[in-house]
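A.B. asks: If you read the first sequence in my numbering, its first letter stands for residue 463, the second for the next number, and so on. The C-beta atom is built at its ideal place from N, Cα and C for all residues, glycine as well.
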Amino acid sequence: MHRVRFAPSPTGYLHIGSARTFIFNWLYARHNGGTMILRIDDTDVERNTQASLDSIFEGLKWLELDWDGEVYRQSERGELHAASARQIFEAGHAYRDFTPARVESEDAADSGHGGWLFNPGMRELSREESDRRASAGEPFVLRFLVPRETRESVAFTDLVYGPQTKATADIEDFALLRSSGMPTYHMASCADDADLKITQIIRGQDHLTNTFKHQLIFEALGVEPPQFAHLPLLIAPDGAKLSKRKHGPVVSVTTYRDAGFLPHAFVNFVCLLGWSPKDDRERMTRRELLDIFSLEGVNRSNATINFSETEPFDPKAVWLNAETIRNLPVDELSAELLPFADASFGWIPGSGPEPQRLVPEDKIRRLVPLVAPLIRERIKLLGDIRDAADFFFLPTVHPDPLELIPQKGDAAMAALVLQEAEVALAEATFTHDGLDAALRASAEKLKIKAGQMFQPIRVAVCGRKNAPPLFETLEVLGKDICLERIAAARKLL
RNA sequence: GUCCCCAUCGUCUAGUCGGCCUAGGACAUCGCCCUUUCACGGCGGUAACGAGGGUUCGAAUCCCUCUGGGGACGCCA
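1) Please give the ranges of any beta strand (DSSP E) in the stretch 544–604, keeping only runs that are unbroken, at least 3 residues long and fully inside the region.
2) Could you work out which residue in 818, 847, 843 is closest to residue 832 when comparing CA atoms only?
3) Assuming residue 889 and residue 877 form a contact by the criterion Cβ under 8 Å, report the distance between their Cβ atoms to the nearest whole angstrom.
4) Let me check one thing: in DSSP terms, what residues is residue 467 bridge-paired to?
5) Which of the three DSSP states, helix, strand or coil, is assigned to residue 873?
6) Reducing DSSP to helix, strand and coil, say where residue 728 ends up.
7) Among residues of its own chain, excluding the 5 on either side of residue 898, which ones have a beta-carbon nearer than 8 Å to its beta-carbon?
8) Alpha carbon to alpha carbon, what distance is there between residue 598 and residue 630?
9) Give me the Cα-Cα distance between residue 470 and residue 922, rounded to the nearest whole angstrom.
10) Taking Cβ positions, are residue 768 and residue 699 nearer each other than 8 Å?
11) Could you give the distance in angstroms between the alpha-carbon of residue 524 and the alpha-carbon of residue 504?
12) Quick one, which of 496, 677, 485 has its alpha-carbon nearest residue 465's?
13) Please check the pair residue 810 and residue 817, which I expect to be a contact at CB under 8 Å, by giving their CB distance rounded to whole angstroms.
14) Can you name the residues that DSSP bridges to residue 849?
15) So, at 6 Å on beta carbons, what are the nonlocal neighbours of residue 713 in its own chain, with the 5 sequence-adjacent residues on each side left out?
16) Can you list, in chain order, the residues of its chain with a C-beta nearer than 6 Å to that of residue 537? Leave out the 5 residues immediately preceding and following it.
17) Thinking residue 501 and residue 654 are a contact (beta carbons under 8 Å), I'd like their distance in whole angstroms, please.
18) Could you compute how far the alpha carbon of residue 948 sits from the alpha carbon of residue 838?
19) Figure out for me which residue from 904, 909, 886, 955 has the closest Cα to the Cα of residue 944.
20) Looking only at C-alpha atoms, which of 483, 792, 732 sits nearest to residue 668?
21) So, is residue 683 buried or exposed, given that buried needs 16 or more other C-beta atoms within 10 angstroms?
22) Is it buried or exposed for residue 526, if we count other Cβ within 10 angstroms and need 16 for buried?
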């Protein structure tokens, strides 16, 4: 039986690292027919926000990842945590430390405070004195009494990193309960994992050294510790662990969503960071992913995710997204594209808090399925529709007169082409074949190359040189708009 | 500072017990082809075993040292 959990703390939006931890847990659970539990680690009341919690749920919903109904909040399980702490204390594995809290000093970790293990005098306090001071109301933290005298080391076998041991002499007396009575992360997490019968804890490698402490807690609680699998960390191009504070919105899952990533492309990309199917496969469906996922394929070294000021997304993620777009059936792609089209073209830019419609919704709705097949090979993100398809939606285009001039031609040729095009198109059937026949005949008549014929027309109707294939484009635009735009372009010459 | 982890192309990675590795794939990049533009697609190129010692007939693969990188060391999670 496999029971895994995803345990985010709601102190910021859902970021890529957390999403990956979720995905690996999810894959593990689904692959093994296990259960996936969601647990909100919200013991730090100071830093928790509802907005952050919303963002986490929103992100998971977008990724189309589910869990098995059970959602727990640590803040509602205080009694369990307290009881567990009491149990450890009564069993003699913890002691009260009445030392006042250390004041927030910046480099606490490296300013000569190196090998801190415990506060002097506190381990030795007799039970009577400890009880007396506690009942007198003196504040204390409950610390784990690391068994340095009776035991050399703590060991466990990580499912990814293999056998791990750490000398008890290197483990400090960590806190279980704060002076407020609230449990620390270590206490709450282990008490819950034990109570919820979690069998595998799959989490970031930044917890690897914490695991020795957790091992100790489980033992003190008298329960069999779960198995652990630590995942290599995701690091930024600057070499540091990915963090919201340092690297900004690019680490947020919603940033990917808003730019027009498809959920599965994102999941696919994230899976490739620190895990490999070992057979050179890169694009995988969700089905394939969960069929072949295994902790054995998880790597041990950290993975750099590439992004920069100019390219906010890892090029491989973008490629994967483009591939996914190209392989989507037109109707599905259209549905995905619709909100982006509406946001890009539907409204008058900067029309204030109550935006005004620029293009009617039904027009956008009608056009998107026609445009989708023409741009699917030309966009990498759904949001690219804004630049790739503007001329289909916007009422007017503004061609650069210089661009109307064809290769190895001049303004006179452009004028001639447009004049001829106007005549030919007025007669032509607006289908791919009809337009093909009409315009090639025109080129022949003018004794110019097909390309020279097409370029001025393309620029006239699209407003620029780079656009989807001409005939399909003209067909979607329709005769009226094409003739109108060609006439307008002629005036520019 | 103390402890832990890691180390193959720019990036993500393959490399089961050491020989089949003159190190494979993908992205990115460069070139060519296809082509009405842009894309897509096809073909090809550049590009890596951090260093030094061992062990061995033979090491990217095993051991040691160094170096480099990351992480943890909080009454945060």
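C.D. replies: Once the coordinates are examined:
1) The DSSP assignment places complete beta strand (DSSP E) segments of no fewer than 3 residues inside the stretch 544–604 at 556–559, in order along the chain.
2) 847
3) Not really, about 20 Å apart at Cβ, beyond 8 Å.
4) 499
5) helix
6) helix
7) 933
8) 33 Å
9) 54 Å
10) yes
11) Whole-angstrom Cα-Cα distance: 22 Å.
12) 496
13) With a beta-carbon spacing of about 7 Å, residue 810 and residue 817 fall inside the 8 Å limit used to define contacts.
14) Residue 849 pairs with nothing; no bridge assigned.
15) So the list reads 477, 478, 704, 706, once near-sequence residues are dropped.
16) Here residue 537 has 504 as same chain residues with Cβ atoms under 6 Å from its own Cβ, once five neighbours each way along the sequence are excluded.
17) 6 Å
18) Roughly 26 Å separates the two Cα atoms.
19) 886
20) 483
21) buried
22) exposed
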